[in-house]
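Undergrad: One structure, as structure tokens, below. Some questions next.
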Amino acid sequence: MSMPCTGVCQGWIKHATLINNCYPTSSEETRPKSSELSYLLFYAKSKPAKLTKCGVYLEKRVITDVRKRRKQDTEISLQIIKSLLEECKKDLNLFSKNVVKIIASSLSTNDIDLVARAASVFIVFCADNDGSTIGVDTEFTTDYESLVKKFANYASYKCGVDQSLERRYRSIGLYVLQGIVTSNALHATDAIIQLQYIVPAILQNLTDDLETLQKIDSEPVGEKYSMSQSRRFSVNNTIISIEDNTHLAYDCLKQLFIVSNTDSDLQYCLKPVFKFLEDNDIWWPNSFAISLTLVILSSIQRQYRYILVSEIIRRLDSLSDISSLSKKITYIEMLISILTSDLTIIGLSVLEVLDCLLSHLLTSLKSGDINFEQISINFNSKGSNIMTEKTQDLETMIVQRLITCIGGLATHIYYAKQISDIVEHIVKHLNLQADPEIKQDNNGSLITEGIPINILRKTLLRCLSIVIQTNKKAEKKSSEISICKVPVEIFHDTIGLCMDEDLDVRIMYAQILSTFLDNVDSSKESKETDLVQITYFNQPAIHFLNSLHLSLYQYALLENSKPADNVALLCILHSLLLRFRVDQIIRGIPVVFKLQSEAKDEKLNNFSRQRALVSVITLYFYNIAQVLCIPELQQYVEMIQKERIEKYQWSTYINAIPSENNLDNVDLSASFDDDDKNNQTLQPVNIWLDRQTIVSMLCKNKEILNFDDTKIEEKLMAEWKPEEGFNEVKNEARRIRSSRIFEADKLKLVVTHPKPTMMNLENSSDDLPHKVKTENFKETLAVQLMNDSSEHETSVASDRESGYMVPIGNSKKNKRKNKPKNEASAFLSTIDPKAASTTSLVNPPYRQS
Numbered sequence: 016m017s018m019p020c021t022g023v024c025q026g027w028i029k030h031a032t033l034i035n036n037c038y039p040t041s042s043e044e045t046r047p048k049s050s051e052l053s054y055l056l057f058y059a060k061s062k063p064a065k066l067t068k069c070g071v072y073l074e075k076r077v078i079t080d081v082r083k084r085r086k087q088d089t090e091i092s093l094q095i096i097k098s099l100l101e102e103c104k105k106d107l108n109l110f111s112k113n114v115v116k117i118i119a120s121s122l123s124t125n126d127i128d129l130v131a132r133a134a135s136v137f138i139v140f141c142a143d144n145d146g147s148t149i150g151v152d153t154e155f156t157t158d159y160e161s162l163v164k165k166f167a168n169y170a171s172y173k174c175g176v177d178q179s180l181e182r183r184y185r186s187i188g189l190y191v192l193q194g195i196v197t198s199n200a201l202h203a204t205d206a207i208i209q210l211q212y213i214v215p216a217i218l219q220n221l222t223d224d225l226e227t228l229q230k231i232d233s234e235p236v237g238e239k240y241s242m243s244q245s246r247r248f249s250v251n252n253t254i255i256s257i258e259d260n261t262h263l264a265y266d267c268l269k270q271l272f273i274v275s276n277t278d279s280d281l282q283y284c285l286k287p288v289f290k291f292l293e294d295n296d297i298w299w300p301n302s303f304a305i306s307l308t309l310v311i312l313s314s315i316q317r318q319y320r321y322i323l324v325s326e327i328i329r330r331l332d333s334l335s336d337i338s339s340l341s342k343k344i345t346y347i348e349m350l351i352s353i354l355t356s357d358l359t360i361i362g363l364s365v366l367e368v369l370d371c372l373l374s375h376l377l378t379s380l381k382s383g384d385i386n387f388e389q390i391s392i393n394f395n396s397k398g399s400n401i402m403t404e405k406t407q408d409l410e411t412m413i414v415q416r417l418i419t420c421i422g423g424l425a426t427h428i429y430y431a432k433q434i435s436d437i438v439e440h441i442v443k444h445l446n447l448q449a450d451p452e453i454k455q456d457n458n459g460s461l462i463t464e465g466i467p468i469n470i471l472r473k474t475l476l477r478c479l480s481i482v483i484q485t486n487k488k489a490e491k492k493s494s495e496i497s498i499c500k501v502p503v504e505i506f507h508d509t510i511g512l513c514m515d516e517d518l519d520v521r522i523m524y525a526q527i528l529s530t531f532l533d534n535v536d537s538s539k540e541s542k543e544t545d546l547v548q549i550t551y552f553n554q555p556a557i558h559f560l561n562s563l564h565l566s567l568y569q570y571a572l573l574e575n576s577k578p579a580d581n582v583a584l585l586c587i588l589h590s591l592l593l594r595f596r597v598d599q600i601i602r603g604i605p606v607v608f609k610l611q612s613e614a615k616d617e618k619l620n621n622f623s624r625q626r627a628l629v630s631v632i633t634l635y636f637y638n639i640a641q642v643l644c645i646p647e648l649q650q651y652v653e654m655i656q657k658e659r660i661e662k663y664q665w666s667t668y669i670n671a672i673p674s675e676n677n678l679d680n681v682d683l684s685a686s687f688d689d690d691d692k693n694n695q696t697l698q699p700v701n702i703w704l705d706r707q708t709i710v711s712m713l714c715k716n717k718e719i720l721n722f723d724d725t726k727i728e729e730k731l732m733a734e735w736k737p738e739e740g741f742n743e744v745k746n747e748a749r750r751i752r753s754s755r756i757f758e759a760d761k762l763k764l765v766v767t768h769p770k771p772t773m774m775n776l777e778n779s780s781d782d783l784p785h786k787v788k789t790e791n792f793k794e795t796l797a798v799q800l801m802n803d804s805s806e807h808e809t810s811v812a813s814d815r816e817s818g819y820m821v822p823i824g825n826s827k828k829n830k831r832k833n834k835p836k837n838e839a840s841a842f843l844s845t846i847d848p849k850a851a852s853t854t855s856l857v858n859p860p861y862r863q864s
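Note that the numbering used here has the sequence shown beginning at 16, numbered continuously upward.
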């Protein structure tokens, strides 16, 4: 209610009168008088200099009313100051110090209604405060940060007796914090002090209702936006639910990171987040940190998301050996959630992250306390599967989640050779070359860097497997432009793993190689190319294919082989067929028939291995008939297969249906000795595939003829010898190392000689070519570009990554003429530096008429 101007307002007669007139005379009225308030606002807006005096008077009056417990007058004063804030936004700094003192005085009453009214005033104040006085005016800065701390305490208020009061206090505090984080004042100066109050209060409300947080984060974006728009602060809202506060805290957190648009701002925001996790010990198996990471990631602007990854990596690297394993698992899970999310991370250093993860992986393997059988390469497996506190299980889980995290690096493609770089970096750690530092333990197992080499290879192969699987899934979802093609030669150094002493390593490698090679939709490829196979093939890929054929020959004849190895051999051959099609047939059939002759000559140590190998060869030709659509070949193979089965010459370890032979459910414990002991009726093989019959069928195939119609039968009937194959591989490797640029592919200048005419016949000479001028260079470049363009249009090579291609098929159509090596010297001798020219840089030839 209004009161006469006595001691309090003697120095401010005019301003006090205008302000006092706004107070209602009746105790039942809860709002200022509208007409008097309008006049006060007009007066303050027309004379901004008077705002300071108005602020000082209102401050003194509120202090007096609070002391005398005049609740109604305090509420009216808060509404007046709110109206002044809304009307005089431009001149806020003239009375900002008084505003924060008025709000602080109102909060000291601990009256929930006055707290709500003061909160509404502070929200309006934050919306228009530019922060220019924070850090400059010490008194104002202290008062402002004190208010931030006060409202943050309200946001995390606890009252065990009255839950409704607790929820209302938290709601008021969260609404104010939302106003603070969206204010320009937050990042106008050093925000560390404010954030150390704001962030824990927000996170406290999210940890109390984790289920709602996960539900909110999975909601569609449009639904989230509509819900946030409907949540407006009201001083009269007294019914608050826990879900309401969780939604409000979620909005606060997202707004905090949305407005953080610099590196330093994000660092300031992330530091209290990790401190909150540390102080409250919220680590695995609690999934709050993972949900929190996804919320933060979706809020950060795209170009700054890499900072979150860098911060987690930094904290992971800083963990000591005695640190909690649960903390380490949590950091790894946070990285997995980021790398496997649908959100891209611009600026992510893929290889640096990979190197860090591999370093931690090797460190975990050195502990030797790993249960390798529990490690799964299932990309969707969750880390919470192992709910135990045993050190061995936690160490095993760390290894498993690190493998999954490495696979996550292939989820999004950020540059052309990303997958190739990842694969190459992992392959370098496989210790495939002879290393003098490799030692043997007491059991004879090889040890490198304190890790058994078989354990090291199996772990890294699982990393490779999940990278290939993830890239394959990403290719199906991505457009043709964004697909990251991986050249086959990237696996060249790993071919020797086919002959590894450990069966698990051999089978895992075969599975990875099969998955990688089977990265082409053969039916789609055939339709797009109209059954015309590749006409150009890069030299490193040829070297890879020949090397692999040689290794597969040795693999098939491995003395300590198991039945699972034959299944692996069949899978690799099938994948090679899908990848290279006709080229695999031309280069592979001589090798396959060489293996049949080895089995026929009883070069294998028992008949069980003989049956398995020839069964694999039979199914391989069945696959050829299926891929190239050759019905007569399929009928012939089925006839041979049926006859062998009837005469007990088919291996019990190879399924007669080709598609049923896969490495996912192969029995690694099976042995060829068991076959001979348990199946007395099985007989040695004496029914063989006739090479001439099969070759004659293949030579009628349109795709093979289109690929290479020159001496195709001779190539398919050629006798393959291991020693010749070995020498060929060595020579190819030497040629690739010496030069990857072939003479026929080098850019050449072609000097064109115009036909002589009657006008220039006298000046022409048969002995000397014409002088080279600018026109020759221009014409040469144009011709070269046209040739390059036509080559790329006609080539459908699956390995386009290499820029140096050599023809392997259609030799009549695509044969290139090699020119003498001294062509450059001959060309340079024709250049006359003194030759006159009508063109120059100022007058180029294309400007001449």
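Think of the CB as a built atom: it goes at the ideal place given N, C-alpha and C, for glycine as much as any other residue.
Please read these numbers as outputs of a predicted model, since none were measured by experiment.
1. Once you ignore the five residues that flank H202 on each side, which residues in its own chain have a CB closer than 6 Å to its CB?
2. Please report the straight-line C-alpha distance between V501 and V482, rounded to a whole angstrom.
3. Thinking C-alpha only, which one of S529, I441, R521, L678 is nearest V365?
4. Just tell me which of N746, A59, I510, I601 has its CA closest to the CA of Y570.
5. For the structure I just gave you, are there three or more beta carbon pairs, one from the region 175-184 and one from the region 270-290, closer than 8 Å?
6. Spatial neighbours of K104 within its chain, please: C-beta separation below 7 Å, excluding the five flanking residues on both sides.
7. Can you say whether E758 is buried or exposed, counting buried as having 16 or more other CB atoms within 10 angstroms of its CB?
8. If you drop the 5 nearest sequence neighbours on each side, which residues of the same chain put their C-beta closer than 8 Å to that of H564?
9. Compute the Euclidean distance between the alpha carbons of Y568 and R329, then round it to the nearest angstrom.
10. Taking 8 Å as the cut-off, decide whether the C-beta atoms of C4 and S92 are in contact.
11. Report the residue from C714, Y283, N486, Q698 whose alpha carbon sits nearest the alpha carbon of Q433.
12. T204 by DSSP, collapsed to three states: which one?
13. Note down, one range per segment and in chain order, each alpha helix (DSSP H) of at least 4 residues found wholly within the region 623-689.
14. Can you find a CB in chain C that lies within less than 8 Å of the CB of N113?
15. If I527 sits next to L476, beta carbons under 8 Å apart, how far is it from one beta carbon to the other, in whole angstroms?
16. What is the C-beta distance between S314 and K269, in whole angstroms, given that I count them as a contact (C-beta under 8 Å)?
17. Between G188 and Y169, is the Cβ-Cβ spacing less than 8 Å?
18. Would you say Y319 and L363 are within 8 Å of each other, going by their C-beta atoms?
19. Cβ atoms of S379 and I305: under 8 Å apart, would you say?
20. Less than 7 Å between C-beta atoms, sequence neighbours within five positions excluded: which residues of the same chain meet that for C267?
21. With 16 other CB atoms within 10 Å as the buried threshold, where does P867 fall?
22. By a C-beta neighbour count over all protein chains shown, 10 Å radius and 16 as the cutoff for buried, is L619 buried or exposed?
23. For the structure I just gave you, are there three or more beta carbon pairs, one from the region 153-161 and one from the region 171-182, closer than 8 Å?
24. How many Å lie between L591 and A206 at the Cα?
25. Expressed to the nearest angstrom, what Euclidean distance is found between the alpha-carbon atoms of H262 and N295?
26. Can you tell me whether G465 is buried or exposed? The criterion is at least 16 other CB atoms within 10 Å of its CB, across all chains shown.
27. Give the C-beta separation of A133 and S147 to the nearest angstrom, bearing in mind that I take them to be a contact with Cβ-Cβ under 8 Å.
28. Counting only the same chain and skipping the five closest in sequence on each side, list residues whose C-beta sits under 6 Å from that of R472.
29. Do I149 and T204 have their C-beta atoms closer together than 8 Å?
30. From what residue to what residue does the alpha helix (DSSP H) around G603 run?
31. Out of A59, E743, L713, N35, point me to the one whose CA is closest to K48's CA.
32. How would you call S630, buried or exposed, if buried means at least 16 neighbouring beta carbons within 10 angstroms?
33. Start and end of the alpha helix (DSSP H) containing I78?
TA: Taking the geometry as given:
1. D280
2. 12 Å
3. I441
4. Of N746, A59, I510, I601, the residue nearest in Cα terms is I510.
5. no
6. Taking C-beta separations shorter than 7 Å and ignoring five residues to either side along the sequence, the partners of K104 in its chain run D143, following chain order.
7. In this prediction, E758 scores a pLDDT of 42, lower than 50, which makes its location untrustworthy; the coordinate-derived value is nonetheless stated afterwards. By the 10 Å Cβ count, E758 comes out exposed.
8. R602, G603, V606, G740
9. 48 Å
10. An answer regarding residue 4 cannot be provided, because it is not within the stretch 16 to 864 covered by the chain.
11. N486
12. coil
13. 646-661
14. No chain C appears in the structure shown, which is made up of a single protein chain.
15. 6 Å
16. 4 Å
17. For the 8 Å CB-CB criterion, G188 and Y169 form a contact.
18. no
19. no
20. L189, L192, Q193, V196, I217
21. No answer is possible for residue 867: it lies beyond the span of the chain, which begins at 16 and ends at 864.
22. So L619 ends up on the buried side.
23. Flag = no, the region 153-161 and the region 171-182 do not touch.
24. Cα-Cα distance, rounded: 60 Å.
25. 21 Å
26. exposed
27. Actually they are not in contact, since the Cβ atoms of A133 and S147 sit about 23 Å apart, beyond 8 Å.
28. L445, V520
29. yes
30. Judged by DSSP secondary structure, G603 falls within the alpha helix (DSSP H) whose first and last residues are 597-615.
31. N35
32. buried
33. 66-82
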